[in-house]
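J.: Taken in sequence, the protein lines are chains Y and F.
Just so we're aligned: the first sequence equals residues 180 to 341 in this note's numbering.
Just so we're aligned: the second sequence equals residues 180 to 341 in this note's numbering.
We put the beta carbon where it would ideally sit given N, CA and C, even for glycine.
All figures in this text were calculated on a predicted structure; none of them were measured in a lab.
Protein chains: 2
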Amino acid sequence: MNYTIRPAREADMPAVHRLITELAIYEKEPDAVEVTVEQLREDGFGPNPKFQCFVADSGMGVDGMALVYPRYSTWKGPALHLEDLIVTEPARGSGIGSALLTEVIRHAQHTGAGRVSWEVLDWNEPAIRFYKSRGARILRDWDVVQLDREGIDQYLKTYAGI
Amino acid sequence: MNYTIRPAREADMPAVHRLITELAIYEKEPDAVEVTVEQLREDGFGPNPKFQCFVADSGMGVDGMALVYPRYSTWKGPALHLEDLIVTEPARGSGIGSALLTEVIRHAQHTGAGRVSWEVLDWNEPAIRFYKSRGARILRDWDVVQLDREGIDQYLKTYAGI
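1) Put Y:Arg197 into one of helix, strand or coil per three-state DSSP.
2) Report back the beta-carbon spacing between Y:Tyr142 and Y:Ala235 to the nearest angstrom; my notes put them in contact at under 8 Å.
3) Would you call the CB atoms of Y:Tyr334 and F:Lys229 closer than 9 Å?
4) Is Y:Asp256 close to chain F? Criterion is C-beta to C-beta, closer than 9 Å.
5) Measuring only the C-alpha atoms, how far is Y:Thr215 from Y:Ile199?
6) Name the chain F residues whose beta carbon is nearer than 7 Å to that of Y:Phe230?
7) Could you spell out the range, first to last residue, of the alpha helix (DSSP H) harbouring F:Glu221?
8) To the nearest whole angstrom, what separates the beta carbons of F:Asp301 and Y:Asp301, a pair I think is in contact under 8 Å?
9) Using beta-carbon positions only, say whether Y:Gly256 and Y:Gly293 come within less than 9 Å of one another.
10) With a cut-off of 8 Å on the beta carbons, I'd call F:Phe224 and F:Val283 a contact; round off their distance for me.
11) Please work out which residues of its chain come closer than 6 Å, Cβ to Cβ, to F:Asp191, disregarding the five sequence neighbours upstream and downstream, and give them in chain order.
12) For F:Leu202 versus F:Ala245, is the C-beta spacing smaller than 9 Å?
13) Which bits of chain F does Y:Thr290 rub up against, with CB to CB less than 8 Å?
14) Can you pull the chain F neighbours of Y:Glu298, defined as C-beta to C-beta under 8 Å?
15) Kindly indicate if chain F contains any beta-carbon less than 9 Å away from that of Y:Asp242.
16) Do you know how far the Cα of Y:His260 is from the Cα of Y:Val295?
17) If you scan the segment 199-277 of chain F from start to end, which runs of the alpha helix (DSSP H) of 4 or more residues do you find wholly inside it?
18) For chain F, find out if any of its Cβ atoms is closer than 9 Å to the Cβ of Y:Tyr182; answer yes or no.
19) Taking 9 Å as the threshold (C-beta atoms), are Y:Val299 and F:Leu318 in contact?
20) Taking C-beta pairs closer than 7 Å, name the residues in chain F that Y:Leu335 reaches, listed in chain order.
21) Can you name, in chain order, every residue of its own chain whose Cβ lies under 6 Å from the Cβ of Y:Ala306, other than the five neighbours on each side?
22) From F:Trp297, F:Glu329, F:Ile265 and F:Ala278, pick the residue whose C-alpha is nearest to that of F:His196; which is it?
23) Put Y:Thr290 into one of helix, strand or coil per three-state DSSP.
24) Nearest to F:Ala211 by CA position, among F:Asp327, F:Ile331, F:Gly276 and F:Ala339, is which residue?
25) Determine the DSSP secondary structure at F:Arg185, reduced to helix, strand or coil.
26) Starting from the Cα of F:Gln231, find the closest Cα among F:Gly238, F:Asp222 and F:Ser237 and give me that residue.
27) Identify whether Y:Asp320 lies in helix, strand or coil by the three-state DSSP scheme.
28) From the DSSP secondary-structure annotation, give me the bridge partner or partners of F:Glu298.
29) Cβ atoms of Y:Thr290 and Y:Pro226: under 9 Å apart, would you say?
30) Spell out whether any CB of chain F is found under 9 Å from the CB atom of Y:Asp191.
31) Where Y:Ser237 and Y:Gln288 are concerned, what is the direct C-alpha to C-alpha distance, given to the nearest angstrom?
32) Expressed to the nearest angstrom, what Euclidean distance is found between the alpha-carbon atoms of Y:Ile331 and F:Trp297?
33) Between F:Ala194 and F:Glu208, what straight-line distance do the alpha-carbon atoms span, to the nearest angstrom?
34) Of all the CB atoms in chain Y, is at least one closer than 9 Å to the CB of F:Val214?
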């Protein structure tokens, strides 16, 4: 399979949105995607983009994407976070995921990031094996904590009288 | 105990750095802090700050801090990440941690974040209980993955010939 890894353009956002939805279904949360194609266009492009995105383009369409943004480690300084690395089901096993990850690591080095971080579901053994084989550490003793919009509103009502 | 929660100034960075080091010792990684006071000054202030920081100021010094920056969720859109919430040992139990967290949640709402995220060590039961009591979800099935600077260099040497 031939493909090119390149920075995403605004016109790729419908394809990127389809990949995001495909991953949400795989992760058993099909209704969790609130972001729209239009919002991806607004947030990812323009003078202060909130993320950078790379896509795998086969010439016939987009078969994979990696979405990243900067973070800040109080131990290591500027870091890069890989929010999503998605390859469409029919294109798996073709090396696209690996090529996208390499592009992300290259981008990290290029931007001076002292760390690349991401998150993985602890039952996703194929992904964990792949990441380990590439030298990444899986921090099994760290848990992710989240407060979503409803929780934010509820919190402020209860504890800040807002 | 009387204290004010306020945005950090450059002059607070030595105190903030001491708190970062204190937390690294608590988390059993005393040598992990590579960031310097000078780098915190450079990265947190100026035209494009890489983080925002809030401190608890007792008038006699800084007893706690919260350090945040934007993230991007492909499900929820713009989000806020709480990298560190640290209260110095002698000041614990005084409500400072809670006041700092409230300031962070307020900042999230103010900046339109659809989610606040952070990470917690799975053996840090007092912290987990506190976060849960405030409405946060602990995602026990998500693991954090990291590739540090050495891993980045090694990766690119092996897989990209750089």
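T.: Reading off the structure:
1) helix
2) Limits of chain Y in this structure are 180 at one end and 341 at the other, which puts residue 142 of chain Y out of reach.
3) no
4) The sequence shown places Gly at residue 256 of chain Y, not Asp. True, the Cβ-Cβ gap to chain F drops below 9 Å.
5) 10 Å
6) Tyr251
7) Val216 to Gly223
8) So it is not a contact: roughly 11 Å between Cβ atoms.
9) yes
10) Wrong, their Cβ atoms sit about 19 Å apart, outside the cutoff.
11) Val234 and Val241
12) no
13) The premise fails here: Y:Thr290 is roughly 11 Å from chain F at the closest Cβ pair, so nothing lies under 8 Å.
14) Trp321, Asp322, Val323 and Val324
15) no
16) 6 Å
17) 216-223
18) no
19) no
20) Ile284, Arg285 and Gln288
21) Val299
22) F:Ile265
23) coil
24) F:Asp327
25) strand
26) F:Asp222
27) coil
28) Y:Val323
29) no
30) no
31) 26 Å
32) 14 Å
33) 19 Å
34) yes
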